[in-house]
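> Just so you know, the sequences run in chain order W and D. Last residue of the first sequence: 82 in our numbering, with the numbers rising by one and none dropped. Last residue of the second sequence: 371 in our numbering, with the numbers rising by one and none dropped.
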Amino acid sequence: MLPGMRNDRLLVAVAVVAGIALVAIAIVYWAEPARSLPSFFPGHEAGSGHHHTKHGIAAFFVGLACFVFAWFRTGPKRNAST
Amino acid sequence: MIVLALISYPRAILLGLLQGVSELFPVSSLGHSVILPKLLGWNIHQNDKYFITFLVATHLATALVLLGFFWHDWVRIVKGLGRSLRNREIAPDDPDAKLGWLLVVGTIPAGLLGLLLEHKLRSVFASAPSAAAFLAVNGALLYGAELLRRRAPQTEADDDARIAGQVRWRDAALVGTAQAFALIPGLSRSGATMGGGLLVGLSNKDAARFAFLLATPIIGAAAVLKLPELFGSAGDGVRGPALVGAVCSACTAYLAVRFLMRFFETRTLMPFARYCLVAGIAATVYFQV
Numbered sequence: 001m002l003p004g005m006r007n008d009r010l011l012v013a014v015a016v017v018a019g020i021a022l023v024a025i026a027i028v029y030w031a032e033p034a035r036s037l038p039s040f041f042p043g044h045e046a047g048s049g050h051h052h053t054k055h056g057i058a059a060f061f062v063g064l065a066c067f068v069f070a071w072f073r074t075g076p077k078r079n080a081s082t
Numbered sequence: 083m084i085v086l087a088l089i090s091y092p093r094a095i096l097l098g099l100l101q102g103v104s105e106l107f108p109v110s111s112l113g114h115s116v117i118l119p120k121l122l123g124w125n126i127h128q129n130d131k132y133f134i135t136f137l138v139a140t141h142l143a144t145a146l147v148l149l150g151f152f153w154h155d156w157v158r159i160v161k162g163l164g165r166s167l168r169n170r171e172i173a174p175d176d177p178d179a180k181l182g183w184l185l186v187v188g189t190i191p192a193g194l195l196g197l198l199l200e201h202k203l204r205s206v207f208a209s210a211p212s213a214a215a216f217l218a219v220n221g222a223l224l225y226g227a228e229l230l231r232r233r234a235p236q237t238e239a240d241d242d243a244r245i246a247g248q249v250r251w252r253d254a255a256l257v258g259t260a261q262a263f264a265l266i267p268g269l270s271r272s273g274a275t276m277g278g279g280l281l282v283g284l285s286n287k288d289a290a291r292f293a294f295l296l297a298t299p300i301i302g303a304a305a306v307l308k309l310p311e312l313f314g315s316a317g318d319g320v321r322g323p324a325l326v327g328a329v330c331s332a333c334t335a336y337l338a339v340r341f342l343m344r345f346f347e348t349r350t351l352m353p354f355a356r357y358c359l360v361a362g363i364a365a366t367v368y369f370q371v
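1. Given a limit of 9 Å on CB to CB distance, which residues of the segment 53-70 of chain W reach chain D?
2. Considering only the alpha carbon of each residue, which of D/V109, D/A328, D/V103, D/V116 lies closest to D/G277?
3. Could you list which residues in chain W have their beta carbon closer than 7 Å to that of D/I363, in chain order?
4. Can you look up D/R271 in the DSSP assignment and give me helix, strand or coil?
5. Report the rounded CA-to-CA distance for D/T286 versus D/G226, giving the unit in angstroms.
6. Using a Cβ-Cβ cutoff of less than 7 Å, which residues in the same chain neighbour W/G56 once the five nearest sequence positions on both sides are dropped?
7. Taking W/P76 as the query, report the chain D residues whose CB atoms sit under 9 Å from its CB, ordered along the chain.
8. Please give me, in chain order, every unbroken run of the alpha helix (DSSP H) with length at least 4 that falls completely inside the segment 119-174 of chain D.
9. Should D/S315 be flagged as near chain W, meaning a C-beta pair shorter than 9 Å?
10. Looking at chain W, is there any beta carbon in it that lies within less than 9 Å of the beta carbon of D/G268?
11. Output needed for W/I20: all residues of its chain with C-beta closer than 6 Å, excluding positions within five of it in sequence on either side, in chain order.
12. List the residues of chain W whose Cβ lies closer than 8 Å to the Cβ of D/I190, in chain order.
13. Excluding the 5 residues preceding and the 5 following D/S209 in the sequence, name in chain order all residues of the same chain whose CB lies nearer than 6 Å to its CB.
14. Mind listing the chain W neighbours of D/L197? Cutoff is C-beta to C-beta under 8 Å, in chain order.
15. Using 9 Å as the limit for Cβ to Cβ distance, is D/G150 near chain W?
16. Are D/A145 and D/S166 close, meaning C-beta to C-beta below 9 Å?
17. Closer than 8 Å is the cut-off here; do at least three beta carbon pairs connect the segment 113-121 of chain D with the segment 151-162 of chain D?
18. Could you work out which residues of chain W lie near D/G193, taking near to mean beta carbons separated by less than 9 Å?
19. Would D/G362 and D/G268 be called neighbours here (beta carbons separated by less than 9 Å)?
20. If we cut at 9 Å on Cβ distances, does W/P38 have a partner in chain D?
21. For D/A332, which option in D/A222, D/F151, D/V249 has the closest C-alpha, if you only look at C-alpha atoms?
22. Taking C-alpha atoms, which residue in D/N220, D/P299, D/S315, D/A338 lies nearest to D/V190?
23. Look at the Cβ atom of D/A297, then the Cβ atom of D/S272, and state whether they are nearer than 9 Å.
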């Protein structure tokens, strides 16, 4: 295995894990009101019933971008000589 | 009803006509929609719910006009995106796919910043004097972009192939991020993206084309996200003027994009830089007196 290949797989794994985490975070933002969000989440506000829909949309799209990145990184490699 | 008194039909027509032009001209539509009512003594505040609802309708109209104007380009770009996803690579000889992903890369930072910062920035910088000062800053930025621009060798390739060849991923992210400046009333989204395009080596014409393509998903998504307000209780009493304003906005947006695509074939951002500097400084002085 080439050293570069190992880095590539690591990068893809990180992108997939980050993508899953971000989509999960998006669902939490959509499902839970601000008072029920974990205290380290941006937008957490004790006693607030507001849903941070926009935060959820932002997290979802960044997660989607991570999946797209992983999709391209694992695609067939173009031969440099062709 | 108070709402009807605040956005009457004549005001809706004037604001709609202004929105269509100033959204696409690099002169800040948000800045003008804050400064003009103050200059005319209208009791309209930028953060009033009914006014935001009105702006949603005019922005949606502008986005639809842009989508229609570049419809054939968008069809090619979306097909290119699909092709690259299917093949799991962006082929070097596929400028539509490259341009499509450049637009995605440019849209993500602007979208994120817009979603997270829009409300805070609007409430902090919503006053007319602040918008006037930032309009002058916008003029200085346009002027600076023309002075510092990189001049890339122009090729005979078609417009999209030229843009796809010239703009790197990092450039697209930077130009896209620059769009977030437009959250501050007085700074122009199209000005930031056109200026950014010049700095990465695009010609004025290609920078304008890239700016309009980048603007479509951002303006459209922002309007669609707030569409429930138009059809909800916030839209009560303002839907009629909003519809009239949207039609006026669509007409001037169409004329503006047609004009600008021809204008930038031979001209630069300098006239807009001068206008923003003069109008911004004059309005700032007027508000202080």
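For glycine and all other residues, C-beta sits at the position ideal for the given N, C-alpha and C.
By the coordinates alone:
1. T53, K54, H55, I57, A58, F61, V62, A65, V68
2. D/V109
3. Going along chain W, no residue has its Cβ under 7 Å from D/I363, so there is no contact; the nearest lies around 35 Å.
4. helix
5. Position check: residue 286 of chain D holds Asn in this sequence, whereas Thr was assumed. Cα to Cα, D/N286 sits roughly 14 Å from D/G226.
6. A26, Y29, W30
7. N169, R170, E171
8. 131-151, 153-169
9. no
10. no
11. none
12. F61, V62, A65
13. none
14. K54, H55, I57, A58
15. no
16. no
17. no
18. I57, A58, F61
19. yes
20. no
21. D/F151
22. It is worth fixing the name first, because residue 190 of chain D is Ile in this sequence and not Val. Among D/N220, D/P299, D/S315, D/A338, the Cα nearest to that of D/I190 belongs to D/P299.
23. yes
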